[in-house]
Amino acid sequence: MNSIFAIAILSLRSAIRSKIVLVLLFFLLLTLIGLPLSVRGDGTLSGHVHILLRYTLGLATLILSVATVWASCATLSTEIRDRQIQLVVSKPVRPVQIWLGKWLGLAAMNAFFLLLCFGATYAALRWTTQPQKLTAEEVEQLHTEILVAQRKIAPVTPDLTDEVMRQYRAGRARGEWPPDMRTTDILPRIERTVRAHVHSVAPGTRNQWVFRLPHEPPTDRPLILRYRFSASVLDLEPVPATWSAGAPDAPDRDVTSVEVPPRTWQSLAIAPERVTADGTLTIEFANHHERAVTVIFNPEEGLQLMMYAGGFLPNYFRAYTLLLFHLLFLAAIGITAGAYFSIPVAAMASFYALLLLNAGRLVGRIAERKIHVAHHPDAGWLEQAIDAAAFAVYRVLHLILRPLEAANPLDLVALGQWIGWSQVGYMLVVKLLLYSGILLVLGAWHLRHKEVALPS
Amino acid sequence: MIQSAEPTNTTVHAPVAEAQNLVKVFRDFWRRPKVRAVNDISFDVQRGEVFGLLGPNGSGKSTTIKMMLGLLHPTSGHLRVLGRSPRDVKAKARVGYLAEESYLYPYLTSEETLHFFGRLFDLSAAERKQRIEELLEMIGLQHARRRVVGEFSKGMARRIGLAQALINDPDLVILDEPTSGLDPLGCRQVKDLIRALARRGKTVLLSSHLLADVEDVCDRIAILYNGRVQAMGSIHELLEQRDRYRVTLPGELPPEQFKAVLASIRSHLDAEPDVDHPRVDLEQFFIRIIEKARSDIQQQSGAAPSQTIAAYLAQAQDSLPPEPAQSEHDLSDEERRKRVDERLRRLTNDTPDDDSPKS
């Protein structure tokens, strides 16, 4: 352990004395102070919170990510290039200890800088949302929707299989689809249409959704329905509508009339008493638009029921932990790349890995053939072979990237959404123990077999 | 290849380092052989001896040393250090290494550098502190303990490099060009240190292309050229010209007697002998001058003069090998007489009398 700590302290000294820390501190402070002052929100409280938590802290985290990748690539490859590693390797130090020492040094640096960013942002948030600066309504919103951690519940999706298959057969019969088009390409399209239909409300009609709550809601806090819809015409005029909450046959349903513009996030407080004994809540939307304007809720995100789950600060801390894990994972990528390659190559490889990590969802959609990128079925054998190889690569990438997919913790915190300890534990196991562990093995194995004194 | 029969300090111990048919081929990116830096060399280094690898640049000295440290891997052949693979951390724990360049972290101070390497050897804080004090005093850089190594002259950095090589009190000290970049005083100190280490049972392997350095301190040497051992043996055996004699008189002879001695030699050899005055070498002369000047001037910067060897390095050890021969200048008349007799016996292949004292 002595060796590991010695190398960790060395990494920190290197960072401090080579002015990396100072430069990083300058850019972080510039971001944390400059961005909120220079960017104007939409004037709402939630917009202001978004600027602070999502954009300011997000940019600071991005700067930290880039700095981490660069510093981690440089930490080993510079020593190999400048040959200081020869003195270290000639001492009784195992490659694993060298790797871990470098990683721990970067971990300490990242933990400090991230804490600084989170601390400064929290201070700015509390200072700018003092009660005397807000209206009573905003104070209420702050405490019920923003400075809280709420569990997000999506509406129950009805089984659409029968309807999708019915439309598929009908479409085939009508010759809507080209004969050589594959069923696997047609069915997702039909499913998207049917799903959109389930989440749309034509003028003069109403639609219902059911939410199944994981447990009984707290009685002293309302449930919050967050919603956003788009209109079937390019019109930003407010849509008059009525929300009803409670069992359809219940006499005491809450009915609220609203008039809200499309494409804006809205929220509606619902009394917890509207949840039935079996833990379900039914809501209904009636579209009262006089013209032919259909309202379409995004099937993925358009309707969210938020249930209070805990306080803001513990949630904020969990977001910090998740981001720290991410930075430490990036550090692991960089150190291992630095063990294999020179700085420019290692940095290029690491940034490519960073891009792939961010493109995990896209890779997944291609691998699952939700995005059609293949050649036409009539293409020649070479094109078919390239397609097959490309899909194989995407599938492997998807297999690697899927366990790392997760919502951005800053998005969740900015929306007041709950981050569970299970998420933190999962990322601890996957990102730190499993993936970083694999990178540790790869890096240490290479260091063990690398000849560090080869003539240049 | 010229090879002498036995190392000077041969003991019953296993060799501290042993290479057999060692080959190192450097390859290019496509794994094609590029350079055969070490070509089938074999040698062993015994405990307590100072072994020198001598050769011109590119002869394979540093490559051999780097293989002994696990920094390069032999292409073929057998290499053991302290009875283990050179890549074994247990072997590395007993080895001290001074690289041909300093390769130190330029942003660390002298003290931090030594603490860092001390921690790599898992030394306790108290032990590190004590050793660092002694080492800094030994290398004369106590006044520069808080200066970063990046600001140092090559000689000062070299001294820190030497100190880090000794922080673990190693059994085997590997010094690659140890006097490179040092002033004559520094060279002298390093050579004294090497001798002191050897006297305390440490094994020293050094490489150099400075012949005087090697001759001054090494018990045995291997001369490398083009990756091969060209000659190996004890300095004495390799350099001795067995068909020539040199007699140094301890004082002046009256001219008549001197002429008589010369005439006698001429009549026996039927040749003209060379006659000259013995002279000190330039290094000895230089040191004498500097030491005289030093008594007048207190040095303010650079490496301070130091005569000490770190106490922990100078501590007596059990089962030490016999003390190596002292310099002729340090001997009493009686000892010198014994040595001359012994040398004469060897030169004339004479068997000593049973009752004669053994040297």
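Residue numbers (our numbering), protein chains in the order written: chain A, 1 to 456; chain B, 1001 to 1359.
In this text, a Cβ means the ideal position worked out from N, Cα and C, and glycines have one as well.
Residue contact with chain B for isoleucine 9 of chain A: present (Cβ-Cβ distance below 9 Å to some residue of chain B).
Nearest in C-alpha terms to arginine 94 of chain A, of all of B:Met1232, B:Arg1031, B:Arg1087, B:Gly1140, is B:Arg1087. Per the coordinates, the alpha-carbon of leucine 268 of chain A lies some 10 Å from the alpha-carbon of valine 258 of chain A.
Within the model, the alpha-carbon separation for tyrosine 122 of chain A versus glycine 171 of chain A is close to 55 Å. For alanine 271 of chain A, the closest C-alpha among the options A:Ala60, A:Tyr316, A:Leu281 is that of A:Leu281. Boundaries of the alpha helix (DSSP H) around asparagine 315 of chain A: 312-340. The beta carbon of arginine 94 of chain A sits closer than 9 Å to some beta carbon of chain B.
Nearest CB-CB separation between leucine 87 of chain A and chain B: below the 9 Å threshold. By the Cβ neighbour-count rule, alanine 1271 of chain B is exposed, with fewer than 16 other Cβ atoms within 10 Å of its own. Between valine 139 of chain A and glycine 416 of chain A, the C-beta gap is not smaller than 9 Å, which leaves the two residues out of contact.
About 13 Å separates the beta carbons of leucine 327 of chain A and leucine 28 of chain A, which is beyond the 8 Å limit, so they are not a contact pair.
Annotation note: the stretch 1135-1189 of chain B contains the following uninterrupted alpha helix (DSSP H) runs of length 4 or greater, listed N- to C-terminal: 1154-1166. With 16 or more other CB atoms across the displayed protein chains lying within 10 angstroms of its CB, leucine 1072 of chain B is buried. Contact annotation for valine 1095 of chain B against chain A: Ser90, Lys91, Pro92 [CB-CB distance below 9 Å, chain order].
Under the 9 Å criterion on CB atoms, glutamine 1284 of chain B is classed as non-interfacial with respect to chain A. Cβ atoms of alanine 406 of chain A and glutamine 384 of chain A stay farther apart than 8 Å, at about 35 Å.
Annotation: valine 1038 of chain B has no Cβ neighbours in chain A at a cutoff of 9 Å; minimum Cβ distance is about 13 Å.
Per DSSP, the unbroken beta strand (DSSP E) holding isoleucine 1221 of chain B starts and ends at 1220-1225. The Cβ-Cβ distance between isoleucine 335 of chain A and threonine 75 of chain A falls below 9 Å. At a cut-off of 9 Å, the C-beta of alanine 1017 of chain B has no neighbouring C-beta in chain A. Counted as a single uninterrupted DSSP element, the stretch harbouring phenylalanine 1258 of chain B is not any beta strand (DSSP E) but the alpha helix (DSSP H) occupying residues 1255-1269. Close CB contacts of arginine 1147 of chain B within its chain, under the 7 Å cut and outside five residues either way in sequence, are with Thr1109, Ser1110 (chain order).
Straight-line measurement puts the Cα of leucine 440 of chain A at about 22 Å from the Cα of asparagine 358 of chain A. At least one CB of chain A lies nearer than 9 Å to the CB of aspartate 1122 of chain B. Listed along chain B, the residues sitting closer than 7 Å to arginine 17 of chain A by beta-carbon distance are Tyr1107.
Within 10 angstroms of the beta-carbon of lysine 1024 of chain B lie 16 or more other beta-carbons, which makes it buried. Between the stretch 1047-1054 of chain B and the stretch 1198-1215 of chain B there are three or more C-beta pairs closer than 8 Å, enough to call the two in contact. With a cutoff of 9 Å on beta-carbon distance, isoleucine 1065 of chain B and leucine 1224 of chain B are scored as not near each other.
Contact of valine 452 of chain A with chain B by beta-carbon distance below 7 Å involves Leu1071. Counting every other CB atom within 10 Å of its CB across the protein chains shown gives methionine 165 of chain A a total below 16, marking it as exposed. Secondary structure at glycine 364 of chain A: helix, using DSSP grouped into helix, strand and coil.
By the CB criterion at 9 Å, leucine 1193 of chain B and leucine 1162 of chain B fall inside the cutoff. The shortest CA-to-CA distance from serine 1180 of chain B to any of B:Leu1098, B:Tyr1105, B:Asp1171 is the one to B:Leu1098.
Closest in alpha carbon position to threonine 1248 of chain B, among B:Ala1222, B:Val1275, B:Leu1269, B:Ser1234, is B:Val1275.
Comparing C-alpha distances from arginine 1047 of chain B to each of B:Leu1123, B:Val1095, B:Arg1288, B:Gly1058 shows the shortest one belongs to B:Val1095. With a cut-off of 8 Å on Cβ pairs, the stretch 58-73 of chain A is in contact with the stretch 343-361 of chain A, counting three or more such pairs.
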